[in-house]
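To keep things clear, I will list the structure first and then write my remarks on it.
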Amino acid sequence: MKTTLLLLTIGIGATILTGVSYMKQKKTTSKAGLKKAIAINLLAMFGLFVTGLIPDVVFATGEADAVASSASGLGYLAAALSTGLAAIGAGIGVGQAGSAAIGAISEDSSILGKTLIILGLAEGIAIYGLVISIMILQRV
């Protein structure tokens, strides 16, 4: 992983230095030249990434056998899914209830407390997902 990061850092540095040199020389390019430069840059970065990734993958195969046999990874996956899906559900609920609450409050400001209760219930979904993920992580 360190090799990959080092190679990508070198590639990013080379890209920045190329841009600075073009700015100092005040060169202008057409859209076709810009697309060509971007394509070359992307291919170079991908090549550097793959070059650095291959040794990491080769050395990691020995460790993968020991990790693949443990079932704790599924517990971590379940915790992540419970938190993530609960947060997505809460976001959808708060988005719809919040927009309706704003419309209702603009018509009648006396129902502010009721709309806050509804929004709190929608937020409770995210808290419930977080509690479930904590319970899962305690068993892993």
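For the sequence shown, the working numbering puts the final residue at 327, and the numbers step up evenly by one.
For every residue, glycine included, the Cβ atom is placed at its ideal position computed from N, Cα and C.
Membership of Ala277 in the alpha helix (DSSP H) is indicated by the continuous run Ser259 to Glu294.
In the assembly as shown, Val281 is a buried residue. Its beta-carbon has 16 or more other beta-carbons within 10 Å.
For the pair Ala313 and Ala277, the CB atoms are nearer than the 7 Å cut-off.
DSSP places Lys214 in no alpha helix (DSSP H); its state is neither H nor E. By the Cβ-count criterion, Ala266 is buried, with 16 or more other Cβ atoms from all chains shown falling within 10 Å of its own Cβ. DSSP places Ile314 inside the alpha helix (DSSP H), whose first and last residues are Leu299 to Arg326.
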